[in-house]
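The listed protein sequences derive, respectively, from chains U and C. So the number in the numbering used here is just where the residue sits in the first sequence, counting from 1, plus 22. So the number in the numbering used here is just where the residue sits in the second sequence, counting from 1, plus 1. C-beta: ideal position from N, C-alpha, C; glycine also. Being a predicted model, the structure only gives us computed values, none of them experimental. Working notes for the structure below.
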Amino acid sequence: MKHSTFSLMWLVVVILCVLCGTATGWAQDGTPGAIDTGDTAWILVSSAFVLCMTLPGLALFYGGLVRSKNILGTLAHTAVILCLISIVWVLLGYSLAFGTDVGGVIGSLEFLGLMGVGQDAFPGTGIPHLVFMVFQLMFAAITVALITGSFAERMKFTALLLFAVLWSVLIYSPLAHWVWGGGWLGEMGALDFAGGAVVHISSGFAALVCALVLGQRKGYGVESMLPHNLPMTVLGTGLLWFGWFGFNAGSALGANGGAATAFVATHVAACAGGLSWMVAEWVKTGKPTMLGIASGIIAGLATVTPGAGFLSPLSALLIGLVAGVLCYAAVVLKIRLGYDDSLDVVAIHGVGGFTGILATGLFASVGAQGLFFGNPGQFVIQVVLAVSTLVFVVIGTYVILKVVDAMVGLRISPEEEETGLDLSQHSERAYS
Amino acid sequence: MSDTGRSRVSADIFNLERGKPMKLVKAIIKPFKLDEVKDALTEIGIQGMTVTEVKGFGRQKGHKETYRGTEYQIDFVPKVEIELAIADELEGKVIETLGKAAKTGSIGDGKIFISDLNSVIRIRTGETGDGAL
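The structure is reproduced here in structure tokens:
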């Protein structure tokens, strides 16, 4: 028994060594461009910024919104997805997304286990291929983590792990390939600077399917489900905002003018979104709220993401203002429709991302032209991008959920839900 | 042997004499009024009280809170409960002082409950009756 485990361990070590050897020995086709130290420094830092968006940013943003009996379970969703999807990306995901294009729909397996991904410049940039890969890795991780807000407080942990791996490999990687990896949408000229479709429409509408398939939380609409710690959510908002500069300005893939455009657009839209959500809520319910300001900031950030590098500051301002009001309206609509998207992933990321993709087709003026700048064709392409992303994600997510449900079941039992994720799934508590 | 000894001792300590009559005063007040009430009662010679954070509703009912558009009716309003045991003759003065200090004049100021108190024992010394107050 012991002996066989030991030999198995050695086998794994040997295989890893062989893979590592191949990886370092792999030569890239063509002559690699020169590495730019400024660009490389900025994208290395940006990658760390995007990590900070996921953990602790998003984890705290979501954590504060759940009830105190579910806080560790909610943090664990984000933390484990970050670990798990990073590994999946290294082993398989990156190759499917950015390997040589196969028929416009998927990348080849040439970068399996990061074989051939080394220090040479990534084509068309001045940054090492490894830096490009790790920057994209952070995007892959946060996209899956965003979805967890929709099924908060009721998803089984094993189901979460399975869902995360399947969704990342079968939905995220192909989508990233279509738009950024040389796939059909990118070839068509679709504009998605930092992931309005790849990250926000995809996570937002996957969240809608999750909320519908899993159903409402026990006691939804009857029991009080007050957020247990809004200061935690505000802290998360600040960290998300900070990290978003890496997310958007880093997507220029260099320390250059495009990064500057994206940085300014990102900040302006965040501020405008925070203000317009606050005012919309003030008008409707009579009071401006902290949670409203925080939600509006995230709505502004999500909405400006696809256009960040193509927008003038004033266009970003307008887009942010629209985002705050529109996403707030989507939250109000959710309550009317009665589906339990617990932490409003659909209203903020789905609606925000969709709006942002279309707005890019209208307002793009820097390095690309939208409808208002004499290029109506771009708007049509953006509609195709938004709609095809939505349809692919909705169908794919539904199938994955059904498969996971058949394998392990999606929801915890009503008794476990009553007890809370922390004690029922993890046997630990946050506050004692 | 030792059993009887022990029971004799406890009988000595908890020798319940009915001394002068006493009152138990329980007041539910607005939390921000607590310091004012405590100071006013200390001023008229009250030497101890017990304070508890409680929740409840009366005619004030609750209030509404809104989180991202979802309205929650909060039925139980936070209040502070003060309990104090007093000698019978202090009743009028305590109620007047407490009532004055806790009053804002708006709905939700709270209530004062008074009941007879049979006995009081100071655990440290075994004193009973109003001597233990």
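Does the Cβ of residue i have 16 or more other Cβ atoms within 10 Å, making it buried, or fewer, making it exposed?
i	result
C/Asp13	Note on C/Asp13: pLDDT 49, under 50, position unreliable in the model; the coordinate value appears next. By the 10 Å Cβ count, C/Asp13 comes out exposed.
U/Ser317	buried
U/Pro436	exposed
U/Leu92	The sequence shown places Asn at residue 92 of chain U, rather than the Leu named in the question. Result: buried.
U/Pro78	buried
U/Met429	exposed
U/Phe376	buried
U/Leu348	buried
U/Phe173	buried
U/Val388	buried
U/Ile109	exposed
U/Met247	buried
U/Gly169	It should be noted that the sequence gives Ile, not Gly, for residue 169 of chain U. Buried is the call here.
U/Phe264	exposed
C/Thr53	exposed
U/Ala294	buried
U/Ser449	exposed
Alpha carbon to alpha carbon, how far is residue j from residue i? Give it in angstroms, no decimals.
i	j	result
C/Pro79	U/Leu323	38 Å
C/Leu25	C/Thr105	24 Å
U/Thr441	U/Val326	39 Å
U/Asn3	C/Asp40	Any property of residue 3 of chain U remains undetermined from this structure, which presents chain U solely from 23 to 454.
C/Gly49	C/Phe58	27 Å
U/Gln50	U/Gly135	Its pLDDT being 43, under 50, U/Gln50 is placed unreliably by the model, and the measurement read from it follows with that caveat. Going by the C-alpha atoms only, they are around 15 Å apart.
U/Val201	U/His222	13 Å
C/Glu128	U/Tyr453	41 Å
U/Trp304	U/Gly314	9 Å
U/Thr96	U/Ala181	14 Å
U/Tyr84	U/Gly258	8 Å
U/Ala274	U/Thr283	9 Å
C/Arg123	C/Asp89	18 Å
U/Leu340	U/Phe185	37 Å
U/Ala143	U/Ala287	28 Å
U/Asp444	U/Gly86	14 Å
U/Leu114	U/Asn278	31 Å
C/Arg60	C/Phe77	11 Å
U/Leu73	C/Lys62	47 Å
U/Ser298	U/Val354	15 Å
U/Gly126	U/Gly396	29 Å
U/Ser446	U/Ala63	44 Å
C/Lys1	C/Asp131	In the structure as shown, chain C begins at 2 and stops at 134. Residue 1 of chain C is therefore absent and cannot be evaluated.
U/Leu213	U/Gly241	42 Å
U/Gly243	U/Ile128	43 Å
U/Val290	C/Lys56	44 Å
U/Val153	U/Ala338	28 Å
U/Leu236	U/Leu230	10 Å
U/Ala302	U/Gly392	28 Å
Starting from the beta carbon of residue i, find every residue of chain C whose beta carbon is closer than 8 Å, and list them in chain order.
i	result
U/Val353	Arg69, Gly70
U/Ile169	The premise fails here: U/Ile169 is roughly 18 Å from chain C at the closest Cβ pair, so nothing lies under 8 Å.
U/Ile320	None at all; the shortest Cβ gap to chain C is about 11 Å.
U/Ile357	Gly70, Thr71
Run through chain C and tell me which residues come within less than 7 Å of residue i, C-beta to C-beta.
i	result
U/Pro249	Tyr68
U/Asp366	Arg69
U/Ser246	Tyr73
U/Leu313	Tyr68, Arg69
Could you please give me the residues that DSSP links to residue i through a beta bridge?
i	result
C/Ile113	C/Ala28
U/Pro196	In the DSSP output, where bridge partners are listed per residue, U/Pro196 has none listed.
C/Asp131	The partner list for C/Asp131 (beta bridge, DSSP) is empty, contrary to what the question assumes.
C/Glu72	C/Thr67
C/Leu85	C/Val26
U/Arg433	U/Met177
U/Gly129	U/Asp123
C/Lys80	C/Val55
Under 9 Å between beta-carbons, which chain C residues line up against residue i? List them in chain order, please.
i	result
U/Lys309	Thr67
U/Ser69	The contacting residues do not exist; U/Ser69 stays about 31 Å from chain C at best.
U/Ser90	Simply none; closest approach about 15 Å.
U/Ile93	Those do not exist, as U/Ile93 stays about 16 Å from chain C at its closest Cβ, beyond 9 Å.
U/Ser317	Arg69
Please confirm whether any heavy atom of the ligand ZN lies closer than 6 Å to the CB of residue i.
i	result
U/Gly243	Here there are no bound small molecules, and the ligand ZN is not part of this structure.
Enumerate, from N- to C-terminal direction, the unbroken alpha helix (DSSP H) stretches of 4 or more residues contained entirely within the segment 264-328 of chain U. For the segment 264-328 of chain U, whole alpha helix (DSSP H) runs of length 4 or above, ordered along the chain, are 279-307, 312-326.
Residue ranges of each alpha helix (DSSP H) within the segment 183-234 of chain U, 4 or longer: List check, alpha helix (DSSP H) in window: 195-202, 206-210.
What are the uninterrupted segments assigned as alpha helix (DSSP H) that are 4 or more residues long and contained completely in the segment 337-406 of chain U, given in chain order? List check, alpha helix (DSSP H) in window: 373-385.
Going residue by residue through the segment 140-164 of chain U, where are the continuous beta strand (DSSP E) segments of at least 3 residues, counting only ones entirely within it? Qualifying beta strand (DSSP E) stretches: none in this window.
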